[in-house]
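S.K.:
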Ligand SMILES: Nc1ncnc2c1ncn2[C@@H]1O[C@H](COP(=O)(O)OP(=O)(O)O)[C@@H](O)[C@H]1O
Ligand SMILES: [Mg+2]
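In the working numbering, the protein residues as written are 2 to 273.
Quick look at the structure:
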C-alpha cells in the first residue's frame, strides 16, 4: 500500500510548528528509517499516518484514502502504530487480551483473530507469557507485547516509534530478525530510531529530519556521506562509516560486510 505525504504542515494548539512542509512517498513494501534530533518532528509525522493527528495544511494518503477524510478506526486496518512508550499503548490485564484487542476491533472472524494472535505471540516469543499482566513484565518484554498487539492486526503498514529504546542486546537482535521477516512478507515498515547502527544494519532508505523538515532522504550510502547535514540535526554516521572515512577506504560503508570488502580492496591496492 502506497503512502503519499504532500506538503504536510502541522501546528500544535500551543503554537509549535512541528512540521513545516514535509513531502514523502513510500512505495508498497518499502522499509525506511527516520532519524533526527529530539523534537525534529518524527513522531508528529508518523502520527499522521493513522489519523491520530490531522494536517494543519497539506495531505496524507494511505493507499487511496485521504487521512483527513477517514476515521482513526478505519485507518487502523491499514496502519499499525507501535508507540514509543508501551505504557501509553497497553491497557489490558493480560498479554493475550492485549494482543487480541486490535484484530477483534477490526471485526475479523473469531477464528481469524485467534490465528493472527497466535502468530504474533509466537513471533515475539510471548507464548509462555499469555496470562501475565503486561505491567508485571520488564520494559523489554512490555515492548514486545506492544509490537505483538500491532502485528496481530496484520496491517500492510507498520510504524515503529523508537523500537530499540530500552531494549537489551538480544531483543535488538530479535527485532532485526523480525524486520527481516516482515520485509519478506511485503510489509511497509517505517521505524523511528536514535540507534544509527541499528538503522544502518536494517534499513536501505534513511530519512533525516530536522526542525520539521526532511533534510535528507535516500539510500544509506548517500545519506551517511552527508556528515555536515547529519551534524546539523545531531546525527552521527554509524561507527563503521566514520572508521572507514578515517581509514580513507574511499567509499561510504556502514555494514561489517561492506567494511571488510572495502578494507581488503584498500590493502590490495596498497600492495600489502
Ligand atoms: N502534544 C504536544 N503539544 C505541543 N507540542 C508538542 C507536542 N508533541 C510534540 N510537540 C513539539 O513538537 C515538536 C516535534 O516533536 P516530536 O514530533 O515529538 O519530535 P521527535 O519525535 O522528532 O522527537 C517539538 O518541538 C515538540 O516539543
Ligand atoms: Mg519522537
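We treat Cβ as the ideally placed atom computed from N, Cα and C, and that holds for glycine.
Just so we're clear, the structure is a prediction, and the values are computed from it rather than from any experiment.
Run through the region 150–196 for me and flag every whole alpha helix (DSSP H) of 4 or more residues, listed as ranges in chain order.
M.R.: 170–185
S.K.: Note down, in chain order, each residue of its chain lying with its Cβ closer than 7 Å to the Cβ of residue 94, except the 5 sequence neighbours on either side.
M.R.: In the chain shown, counting from the first residue as 1, residue 94 sits at position 93. Excluding residues within five positions, the ones whose Cβ falls inside 7 Å are 134.
S.K.: What's the gap between the Cα of residue 256 and the Cα of residue 127?
M.R.: To locate residue 256, count along the chain shown from 1; it is residue 255. To locate residue 127, count along the chain shown from 1; it is residue 126. Roughly 30 Å between the two C-alpha positions.
S.K.: Between 158, 222, 120, which has its C-alpha nearest residue 146's C-alpha?
M.R.: To locate residue 146, count along the chain shown from 1; it is residue 145. Selected option, being the one with the closest Cα: 120.
S.K.: Between residue 218 and residue 208, how many whole angstroms is the CB-CB distance? I'm expecting something under 8 Å.
M.R.: Locating residue 218 in the chain shown gives position 217, counting from the first residue. Locating residue 208 in the chain shown gives position 207, counting from the first residue. Right, the Cβ-Cβ distance comes to about 5 Å (below 8 Å), so this counts as a contact.
S.K.: Under 8 Å: does the beta carbon of residue 85 sit that close to some heavy atom of ligand 2?
M.R.: For the purposes of this step, residue 85 is taken as residue 84 along the chain shown, with counting starting at 1. Yes; taking the cut-off as 8 Å, the Cβ of residue 85 has a heavy atom of ligand 2 nearer than that.
S.K.: How about the region 179–188 and the region 83–90: do they share at least three Cβ pairs that are nearer than 8 Å?
M.R.: no
S.K.: Which runs of the beta strand (DSSP E) spanning at least 3 residues fall entirely within the region 210–238, listed in chain order?
M.R.: 214–220
S.K.: Within 10 angstroms of its Cβ, does residue 24 collect 16 or more other Cβ (buried), or is it exposed?
M.R.: Locating residue 24 in the chain shown gives position 23, where the first residue counts as 1. Result: exposed.
S.K.: Mind checking residue 45: buried by the 16 CB within 10 Å criterion, or exposed?
M.R.: Here residue 45 is taken as the residue at index 44 of the chain shown, counted from 1. Residue 45 is buried by the Cβ-count criterion.
S.K.: The beta strand (DSSP E) that contains residue 20, what's its start and end?
M.R.: One-based indexing of the chain shown puts residue 20 at position 19. Residue 20 -> beta strand (DSSP E) spans 18–27.
S.K.: Quick check: what's the CA-CA separation for residue 252 versus residue 239?
M.R.: Stepping through the chain shown from its first residue, residue 252 is reached at position 251. Stepping through the chain shown from its first residue, residue 239 is reached at position 238. The straight-line gap from Cα to Cα measures roughly 14 Å.
S.K.: When we look at the beta-carbon of residue 83 and count the other beta-carbons within 10 Å, is it buried (16 or more) or exposed?
M.R.: Translated into the one-based positions of the chain shown, residue 83 becomes position 82. When all chains shown are included, residue 83 counts as buried.
S.K.: Going by the DSSP bridge assignment, what does residue 6 pair with across the sheet?
M.R.: Here residue 6 refers to the residue found at position 5 when the chain shown is read from its first residue. Looking at the DSSP assignment, residue 6 forms a beta bridge with 25, 61.
S.K.: Counting only runs of 3+ residues fully inside the region 76–122, write out the beta strand (DSSP E) ranges in chain order.
M.R.: 80–83
S.K.: Have a look at residue 138 and residue 170 and give me their C-alpha separation to the nearest angstrom.
M.R.: As a first step, residue 138 is located in the chain shown; it is residue number 137 there, counting from the start. As a first step, residue 170 is located in the chain shown; it is residue number 169 there, counting from the start. Their Cα atoms are separated by approximately 17 Å.
S.K.: Can the beta-carbon of residue 159 be found less than 9 Å from the beta-carbon of residue 190?
M.R.: Locating residue 159 in the chain shown gives position 158, where the first residue counts as 1. Locating residue 190 in the chain shown gives position 189, where the first residue counts as 1. Yes, the pair counts as a contact, with Cβ atoms nearer than the cut-off.
S.K.: Under 8 Å by Cβ, that's how I've got residue 104 and residue 96 pegged, so tell me the actual separation to the nearest angstrom.
M.R.: Numbered from 1 along the chain shown, position 103 holds the residue referred to as residue 104. Numbered from 1 along the chain shown, position 95 holds the residue referred to as residue 96. The C-beta separation of residue 104 from residue 96 comes to about 14 Å, leaving the pair out of contact by the 8 Å criterion.
S.K.: Per DSSP, what kind of secondary structure is residue 32 in: helix, strand or coil?
M.R.: Residue mapping note: residue 32 aligns to position 31 of the chain shown, counting from 1. In the structure shown, residue 32 sits in a strand (DSSP, three-state: E or B).
S.K.: Report back the beta-carbon spacing between residue 64 and residue 9 to the nearest angstrom; my notes put them in contact at under 8 Å.
M.R.: For the purposes of this step, residue 64 is identified with residue 63 of the chain shown, where counting begins at 1. For the purposes of this step, residue 9 is identified with residue 8 of the chain shown, where counting begins at 1. Not quite, the Cβ-Cβ distance comes to about 17 Å (not below 8 Å), so this is no contact.
S.K.: What does the shell around ligand 1 hold, if a residue joins when its beta-carbon is under 5 Å from any heavy atom?
M.R.: 13, 15, 17, 19, 39, 40, 41, 42, 43, 44, 45
S.K.: In angstroms, rounded to a whole number, what distance separates the CA positions of residue 109 and residue 71?
M.R.: Sequence index remark: in the chain shown, residue 109 carries index 108 (1-based). Sequence index remark: in the chain shown, residue 71 carries index 70 (1-based). So the alpha carbons of these two residues sit roughly 19 Å apart.
S.K.: My guess is that residue 213 and residue 85 are in contact by the Cβ rule of under 8 Å, so how many angstroms apart are they, rounded?
M.R.: Translated into positions along the chain shown, residue 213 becomes position 212. Translated into positions along the chain shown, residue 85 becomes position 84. No, residue 213 and residue 85 are not in contact; Cβ-Cβ is about 18 Å, not under 8 Å.
S.K.: What is the rounded straight-line gap between the Cα of residue 140 and the Cα of residue 173?
M.R.: Numbered from 1 along the chain shown, position 139 holds the residue referred to as residue 140. Numbered from 1 along the chain shown, position 172 holds the residue referred to as residue 173. Rounded to the nearest angstrom, the two C-alpha atoms are 13 Å apart.
S.K.: Which stretch, first to last residue, makes up the alpha helix (DSSP H) that contains residue 241?
M.R.: Locating residue 241 in the chain shown gives position 240, where the first residue counts as 1. Per DSSP, residue 241 belongs to the alpha helix (DSSP H) from 240–247.
S.K.: For ligand 2, I want to know if residue 193 counts as a neighbour, meaning its beta carbon is within less than 8 Å of at least one of the ligand's heavy atoms.
M.R.: Within the chain shown, the letter at position 192 stands for residue 193. With a cut-off of 8 Å, the C-beta of residue 193 is classified as near ligand 2, since at least one heavy atom of the ligand falls inside that distance.
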